[in-house]
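Right, one structure below, let's go through it.
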Amino acid sequence: MRAALAGRGRVGLVPTMGYLHDGHATLMRRAREVCDVLVVSIFVNPLQFGPAEDLAAYPRDLERDLGVVEGAGVDVVFMPDVGITYPPAFDTRVVVSGVSEGLDGESRPGHFTGVATVVLKLLNLVRPDVAFFGEKDWQQLMVLRQMVRDLNVPVDVVGLPTVRAPSGLALSSRNSYLDSAQQVRAAVLSRALLAVQATYASGERQAAKLRQAGLDVLAQDPEVTLDYLSIVGRDMRERAVVDNGPMTRVLLAAHLFGVRLIDNMPLVTEKHGANPA
Ligand code: PAF
Numbered sequence: 001m002r003a004a005l006a007g008r009g010r011v012g013l014v015p016t017m018g019y020l021h022d023g024h025a026t027l028m029r030r031a032r033e034v035c036d037v038l039v040v041s042i043f044v045n046p047l048q049f050g051p052a053e054d055l056a057a058y059p060r061d062l063e064r065d066l067g068v069v070e071g072a073g074v075d076v077v078f079m080p081d082v083g084i085t086y087p088p089a090f091d092t093r094v095v096v097s098g099v100s101e102g103l104d105g106e107s108r109p110g111h112f113t114g115v116a117t118v119v120l121k122l123l124n125l126v127r128p129d130v131a132f133f134g135e136k137d138w139q140q141l142m143v144l145r146q147m148v149r150d151l152n153v154p155v156d157v158v159g160l161p162t163v164r165a166p167s168g169l170a171l172s173s174r175n176s177y178l179d180s181a182q183q184v185r186a187a188v189l190s191r192a193l194l195a196v197q198a199t200y201a202s203g204e205r206q207a208a209k210l211r212q213a214g215l216d217v218l219a220q221d222p223e224v225t226l227d228y229l230s231i232v233g234r235d236m237r238e239r240a241v242v243d244n245g246p247m248t249r250v251l252l253a254a255h256l257f258g259v260r261l262i263d264n265m266p267l268v269t270e271k272h273g274a275n276p277a
């Protein structure tokens, strides 16, 4: 693939699993602004789904996706075949330690290994100069930055802020499992994060108290089954007293109406971007 793109300038890659929404379109628009050639990959990566997860049910709508990529001025849509991507003899995994271990790494064993493995393959196949990811998957972004640093992958990783519905619900392909009333109910997750943010802004630095502010909001909706609500730093670890760093973040995962959703917000609200040195 890269040979076909040689000499055409700065190449940007937006890796996706399809069922594209405005969060993806925002990544594409940004990539379009800063790159000469824009590649979007659509690949539902079986390696990042656990055996009890929603691989078979994962929403797919290629026709609609192609409309979205066309609207975003994408040059190349890369849709690898699963059997060619993972032939029977495929026997390599990219394991990132540390930042991948808690939170989703604990709840979804093997998930980040699947993500790191497919993203490294995509980066090697496309060889983009820049790759774009959403901050909604904050821990994924940290795992991929770690991989790129550790393995000297020649790509700039750009993270862009989460795009939200007017209710506050973070856009996600998995929202399609919920009807519109349920999606409005699911905005309780972002309200919980905002409560933690506001408590932090009021000067609180005790993690337990910050966490409680979020838990109090989640407790208002009996539909919420919490997986985790954690305040972490750059290393994705919790501390009793949170620091003031721009990478301090509140992350949560919860089940509502049988669907597992994740979301996160920075605690320092001034614009810092997710593109640390
Ligand atoms: O964020 C996603 O959609 C996926 O995890 C990714 C990065 C495309 C890898 O399959």
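With the numbering used here applied, the sequence shown corresponds to residues 1 to 277, in that order.
Heads up, the beta-carbon is just placed ideally off N, CA and C, and yes, glycines get one too.
Please read all numbers here as calculations on a predicted model, not as lab measurements.
For threonine 26, the CB stays at least 8 Å from every heavy atom of the ligand PAF.
Runs of the beta strand (DSSP E) spanning 3 or more residues and lying entirely within the segment 49 to 78 occur at 76 to 78, in chain order. DSSP places asparagine 264 in the uninterrupted beta strand (DSSP E) bounded by 259 to 266.
Per the C-alpha coordinates, the member of Arg260, Gly245 and Pro246 positioned closest to leucine 252 is Arg260.
Within the same chain, Cβ atoms closer than 6 Å to the Cβ of alanine 195 are found at Ala213, Gly214 and Val217, the five residues on either side in sequence being excluded. These are the residues, in chain order, with a beta carbon less than 6 Å from any non-hydrogen atom of the ligand PAF: Pro15, Thr16, Met17, Asn45, Gln48, Val115, Val118, Val119, Asp137 and Gln140. Here the alpha carbons of proline 15 and phenylalanine 49 stand approximately 16 Å from one another. Collapsing the DSSP output to three states places arginine 205 in coil. The secondary-structure analysis by DSSP pairs threonine 225 across a beta bridge with His255.
Just so you know, the alpha carbons of alanine 201 and proline 87 end up roughly 51 Å apart. Classified as exposed, glycine 73 has fewer than 16 neighbouring CB atoms from the shown chains inside 10 Å of its CB.
In the three-state reduction of the DSSP assignment, arginine 239 falls in the coil class, being assigned neither a helical nor a strand state. Residue range 111 to 126 is occupied by the alpha helix (DSSP H) that includes valine 126.
For serine 230, the secondary structure class from DSSP, reduced to helix, strand or coil, is strand. Leaving aside the five residues that flank valine 77 on each side, the residues in its chain whose CB is nearer than 6 Å to its CB run, in chain order, Val40 and Val69. The Cβ neighbour count for proline 128, taken over all protein chains shown within 10 Å, is at least 16; the residue is labelled buried.
A residue is called buried when at least 16 other Cβ atoms come within 10 angstroms of its Cβ; leucine 103 meets this threshold and is buried. Rounded to the nearest angstrom, the gap between the Cα atoms of methionine 17 and alanine 56 is 13 Å. Sequence-distant Cβ neighbours of aspartate 221 in its own chain, meaning closer than 7 Å and more than five residues away, are Arg185 and Val188.
Residue range 156 to 160 is occupied by the beta strand (DSSP E) that includes valine 158. For the pair valine 148 and valine 157, the CB atoms are nearer than the 9 Å cut-off. Judged by DSSP in its simplified three-state form, alanine 131 adopts strand.
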